[in-house]
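Reviewing the structure listed below.
Protein chains: 2
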Amino acid sequence: MTDAGIETGFTTAFGLRHPVALAPMAGAAGGRLAAAVAQAGGLGLLGGGYGEADWIAREWALAEGAGARIGIGFITWRLTPSLLAQCLDRAPRAVMLSFGDPAPFAPAIHAAGVPLICQCQTVAHARAALEAGAQILVAQGAEAGGHGATRGTMTLVPELADLIAARAPQTILLAAGGIADGRSLAASLMLGADGALIGSRFWAASEALVPQGFHAAACASDGDATLRSSVPDAVRGLDWPAPFTIRTMRSAFSDRWQSDPQALRAPEAGPIRTAWSNAQAAGDARNGTPVVGEAVGLIQQIAPAAEILTRMTADALSRLQSFSAPKYPGGAGAGPRRDLGQDPIPSEI
Amino acid sequence: MTDAGIETGFTTAFGLRHPVALAPMAGAAGGRLAAAVAQAGGLGLLGGGYGEADWIAREWALAEGAGARIGIGFITWRLTPSLLAQCLDRAPRAVMLSFGDPAPFAPAIHAAGVPLICQCQTVAHARAALEAGAQILVAQGAEAGGHGATRGTMTLVPELADLIAARAPQTILLAAGGIADGRSLAASLMLGADGALIGSRFWAASEALVPQGFHAAACASDGDATLRSSVPDAVRGLDWPAPFTIRTMRSAFSDRWQSDPQALRAPEAGPIRTAWSNAQAAGDARNGTPVVGEAVGLIQQIAPAAEILTRMTADALSRLQSFSAPKYPGGAGAGPRRDLGQDPIPSEI
């Protein structure tokens with residue numbers, strides 16, 4: 007293939023062809039997906055999730071078996087020093103920490119010489135990540151699927167870029183939340199990011215560990231079809247700390263429990279919890295809660311990760327380069343414009 | 007001044023120098039601000055707010071007195087046919103409808119030959135706006151200050167661009183929510199918009215009808231300082247329809263009432279309501295709720311609207327044109343990068 011990549015501080019630091027990292031989605035970002043992203047020239051991160059060591063070992067072996075060097079991401083408040091040590095022994099390409107204070111784990115990661123990526127949902131999180139010596143910050147907006155908080159990508163990315171410029175200008179910044187095609191990748195770079203961390207679009211890759219029924223439901227949905235809630239955490243008995251909620255597709259199940267998620271934790275709700283687990287495993291989008299973000303409205307088909315990545319970068323590059331002339335060739339539809347009968351304003355002000 | 011504008015379908019249709027419209031912020035976007043934006047080459051929209059005809063007449067006269075031709079925006083669920091008719095008689099440059107079904111008002115606007123702008127918070131809203139024959143859609147993300155809903159700018163803009171391309175490609179698309187500088191304006195264009203509708207950054211203009219104390223509080227805050235709630239609606243006794251909430255700065259007042267806003271509607275809460283009103287008028291950010299969006303974290307100083315507009319477009323253009331070469335010159339800090347000790351991946355995949 008031709009080298010149609012985009013070069014940024016992120017691609018240079020990691021030797022990548024595309025300024026894109028795979029979001030380490032718990033359950034969905036397994037060894038095959040992480041390997042596919044890595045081999046296509048992105049940064050592949052395994053979804054370390056809730057810290058199931060057996061799952062991690064199996065999926066990591068799949069990636070290594072495919073000849074790929076990958077990194078791993080953890081849910082910080084579920085991480086243990088021993089699991090981290092096991093993973094550092096595998097010489098990961100990077101370790102990403104999200105959802106919790108990185109300070110207790112940062113020293114071991116630095117000592118192993120492994121780049122530390124900290125995902126941040128607020129400016130306060132970003133300050134803590136810089137204190138912990140993170141080399142890469144991810145500004146994750148509320149559009150994202152899975153766990154996150156309330157700030158939007160459009161403001162969090164430039165604000166963290168300003169923070170980095172003032173405090174630690176060598177830090178790399180990735181945008182996350184709602185980035186699913188060349189348009190949003192290009193927008194991320196304009197906002198001051200060095201690349202993007204991408205979940206939903208790779209959740210809809212053929213290598214993702216996602217049931218077919220969920221993929222089909224996602225392809226048929228628009229972006230209004232998701233919501234943030236604590237229903238999927240309550241039904242699993244997980245005690246996520248504030249301020250984090252989880253974005254999933256709305257479903258009959260979420261509609262039923264949205265107003266009273268804590269009822270799902272009651273002893274007598276056992277059969278309901280079992281039914282939800284079965285729906286999740288079977289890909290039953292009506293009785294489960296598929297974990298995907300607002301970008302679901304930009305996803306019409308399942309494709310191999312390499313194809314997604316190549317098209318995304320090529321589209322971003324083409325869009326960015328179209329602006330080398332001051333006249334922008336086309337926005338929304340780029341169709342013929344209606345004549346709105348307006349006289350140009352006088353040239354003097 | 008030199009013509010350093012950006013040309014898009016939006017600027018062409020309205021004869022603008024900048025692809026920017028002033029958000030018709032209730033209370034804050036008065037005649038002086040609308041005139042300043044219009045005369046600097048943007049689209050100035052008066053904040054028609056809750057439909058106070060006297061306020062509108064007075065502020066419109068200010069703009070006309072300054073020699074500016076402006077448009078107006080309304081809160082659709084508060085608009086009446088008679089107020090609309092009065093405003094159409096003034097030959098507005100455009101009419102913008104937000105927060106409610108535009109269908110009952112669209113025919114009169116079309117009959118007057120006035121461009122109709124519909125602000126949309128969901129894909130469903132956008133479908134209704136196209137049905138109503140809107141010539142301009144605004145995709146408003148949850149980052150925005152004031153009323154809005156939950157979808158983020160980063161996904162809503164490209165999704166509405168796709169809808170427009172499929173159904174009515176001559177429609178103009180503006181991005182709104184979190185757009186406050188050249189970076190986010192450039193990002194909006196990359197996402198497929200023809201320009202941006204900007205609130206918070208103009209709320210912090212010297213011509214805005216905003217008390218000095220609120221401006222000072224905003225300049226001192228980061229973007230974590232806002233929240234969406236119904237507190238400011240409850241304290242005013244306003245019955246906003248679903249799905250709309252209002253984003254303001256957090257304050258001692260919002261912290262106190264966030265968990266039980268409806269208590270503010272009780273008869274015995276009269277003195278509390280009065281104290282809030284007084285705080286709003288006095289610019290007391292601690293006891294009031296300044297209406298501004300997440301972009302507050304990108305605002306460090308109050309400036310004249312013309313200066314804001316000129317700098318925003320110049321910065322956007324410079325950022326966009328920096329990408330005419332495939333190597334991107336710098337993201338976040340654009341400082342020297344740490345060596346993360348990574349070997350480039352093999353060139354074959």
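Residue numbers (this note's numbering), protein chains in the order written: chain A, 7 to 355; chain B, 7 to 355. Where is the CB? At the ideal position from N, CA and C, for every residue including glycine. Quantities reported herein were computed from a predicted structural model and do not represent experimental measurements.
- Inclusion of B/Thr-232 and B/Val-302 in the CB contact set at 8 Å is warranted, their separation being smaller than that value.
- B/Arg-234 and A/Gly-36 have their C-alpha atoms roughly 36 Å apart.
- For B/Arg-292, the three-state secondary structure derived from DSSP is coil.
- Within 10 angstroms of the beta-carbon of A/Glu-274 lie fewer than 16 other beta-carbons, which makes it exposed.
- Three or more beta-carbon pairs separated by less than 8 Å link the segment 72–83 of chain B to the segment 38–49 of chain B, which places the two stretches in contact.
- For A/Met-31 and B/Arg-23, the gap between their C-alpha atoms comes out near 44 Å.
- Among the CB atoms of chain B, one or more fall inside 8 Å of the CB of A/Thr-161.
- When the five nearest sequence neighbours on each side are left out, the beta carbons in the same chain lying within less than 7 Å of the beta carbon of B/Thr-295 are those of Val-237, Pro-238, Thr-254, Met-255, Ser-257, Phe-259, Ser-260, in order along the chain.
- As the crow flies, the alpha-carbon of A/Pro-164 is around 10 Å from that of A/Leu-195.
- The three-state reading of DSSP puts B/Ile-278 in helix, counting H, G and I together.
- Listed in chain order, the positions of the segment 99–115 of chain B with a beta carbon within less than 9 Å of a beta carbon of chain A are Arg-99, Ala-100.
- Here B/Gly-188 has Arg-317, Met-318, Thr-319, Ala-320, Asp-321, Ala-322, Leu-323, Ser-324, Arg-325 as same chain residues with Cβ atoms under 8 Å from its own Cβ, once five neighbours each way along the sequence are excluded.
- In the three-state reduction of the DSSP assignment, A/Thr-251 falls in the strand class, which pools E and B.
- Ranked by Cα distance from B/Leu-68, the options B/Gln-264, B/Ala-172, B/Ala-240, B/Glu-213 are led by B/Glu-213.
- Look at A/Ile-12 here: in three-state DSSP terms it is coil, with no helix or strand label.
- Between the segment 205–224 of chain A and the segment 286–294 of chain A, the count of C-beta pairs closer than 8 Å reaches three or more; the two stretches touch.
- Within chain A, the residues Val-129, Thr-161, Glu-165 have their CB atoms less than 7 Å from the CB of B/Gly-303, given in chain order.
- Around the beta carbon of A/Arg-173, fewer than 16 other beta carbons lie within 10 angstroms, which makes this residue exposed.
- At a cut-off of 8 Å between beta-carbon atoms, A/Ser-212 makes no contact with chain B.
- Between the C-alpha atoms of B/Pro-249 and A/Gln-264 there is a straight-line separation of about 15 Å.
- Among the CB atoms of chain B, none fall inside 8 Å of the CB of A/Asp-266.
- Taking C-beta atoms under 8 Å as the contact rule, B/Pro-113 and B/Ala-100 fail to qualify, at a distance of about 16 Å.
- Under the Cβ distance rule, B/Leu-39 does not count among the residues neighbouring chain A, no pair being separated by less than 8 Å.
- Counting every other CB atom within 10 Å of its CB across the protein chains shown gives B/Gly-276 a total below 16, marking it as exposed.
- The criterion of a C-beta distance shorter than 8 Å is satisfied by A/Gly-184 and A/Gly-147.
- Comparing alpha-carbon positions, the option among B/Gly-119, B/Ile-12, B/Asp-245, B/Phe-111 lying closest to B/Ala-134 turns out to be B/Phe-111.
- Looking at the DSSP output, A/Met-102 sits in a beta bridge with A/Gly-79, A/Ile-123.
- If you draw a straight line from the Cα of A/Gly-15 to the Cα of A/Pro-310, it comes to about 26 Å.
- Among the CB atoms of chain A, one or more fall inside 8 Å of the CB of B/Leu-197.
- Relative to the Cα of A/Asp-266, the nearest Cα in the group A/Val-241, A/Leu-89, A/Ser-283, A/Ala-193 belongs to A/Val-241.
- B/Ile-308 is the residue among B/Gly-106, B/Ile-308, B/Leu-28, B/Gly-201 whose C-alpha sits nearest the C-alpha of B/Val-216.
- About 3 Å separates the beta carbons of B/Pro-25 and B/Gly-201, which is inside the 8 Å limit, making them a contact pair.
- Taking a Cβ-Cβ threshold of 8 Å, the residues of chain B close to A/Ile-185 are Met-160, in chain order.
- For the set B/Leu-103, B/Val-129, B/Ala-132, B/Cys-93, the Cα lying nearest the Cα of B/Gly-79 is the one of B/Leu-103.
- Distance from B/Gly-11 to B/Gly-55 at the Cβ level is roughly 30 Å; contact not present, criterion being Cβ atoms closer than 8 Å.
- Here A/Trp-83 has Phe-105, Gly-106, Pro-247 as same chain residues with Cβ atoms under 7 Å from its own Cβ, once five neighbours each way along the sequence are excluded.
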